[in-house]
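Taking the numbering used here, the leading residue of the sequence shown gets 2, the next gets one more, and so forth.
Heads up, the beta-carbon is just placed ideally off N, CA and C, and yes, glycines get one too.
The structure displayed is predicted, hence computed values, not measured ones.
Since the structure comes first, as structure tokens, the remarks are kept for the end.
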Amino acid sequence: MVDVLITICALVLLMVAVGLSSVLRGPTRADRMMAAQLFGTGGIAALLLVGTASGVEAVVDVALTLAVLAAFASVAFVKADRQGESGVRDEETR
């Protein structure tokens, strides 16, 4: 079972590399943010697989912490992008 999980982990990382090569070529900030999210999601999946295969619960905890941080990063990016488009900060629009 461990060999299967490690093989799946390698395939996940390979798919992330293929996806990153296409997304990183994007010209906009949103494309680059998508690349960061793809890298984070693939890394989280790989950590979860490795943690399950090795039986180390700390690796799973790290993966889940990274998932929460990735969600916060997405929200921060969207908020900053909206402020950049309008040219006005949120506090001033209330």
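Using the Cβ count rule (16 or more neighbours within 10 Å means buried), how would you classify residue i?
| i | result |
| --- | --- |
| P47 | Checking the sequence shown, residue 47 turns out to be Ala, not Pro. Label assigned to A47: buried. |
| L56 | Per the sequence shown, the amino acid found at residue 56 is Gly instead of Leu. Exposed, since its Cβ has fewer than 16 Cβ neighbours within 10 Å. |
| M16 | exposed |
| A18 | exposed |
| G85 | exposed |
| V5 | exposed |
| G43 | buried |
| R95 | With a pLDDT of 47 at R95, under the threshold of 50, the predicted position of this residue should be treated as unreliable, and no value is reported. |
Comparing C-alpha positions only, which one of the options sits nearest to residue i?
| i | options | result |
| --- | --- | --- |
| L25 | T66, F40, R83 | F40 |
| T8 | G20, A54, Q38 | A54 |
Locate the alpha helix (DSSP H) running through residue i, then write down its first and last residues.
| i | result |
| --- | --- |
| T53 | 30-55 |
| G20 | 3-24 |
Keeping to the same chain, check which residues put their C-beta closer than 6 Å to that of residue i; ignore five residues upstream and five downstream.
| i | result |
| --- | --- |
| A68 | I45 |
Might you give, ordered along the chain, the residues of its own chain that have their beta carbon closer than 7 Å to the beta carbon of residue i, omitting 5 neighbours on each side?
| i | result |
| --- | --- |
| V60 | L48, V51, G52 |
| V79 | none |
Inset, instruction - State whether the stretch 32-39 contacts the stretch 49-68, with contact taken as three or more CB pairs (one from each stretch) at a distance under 8 Å. - result: no
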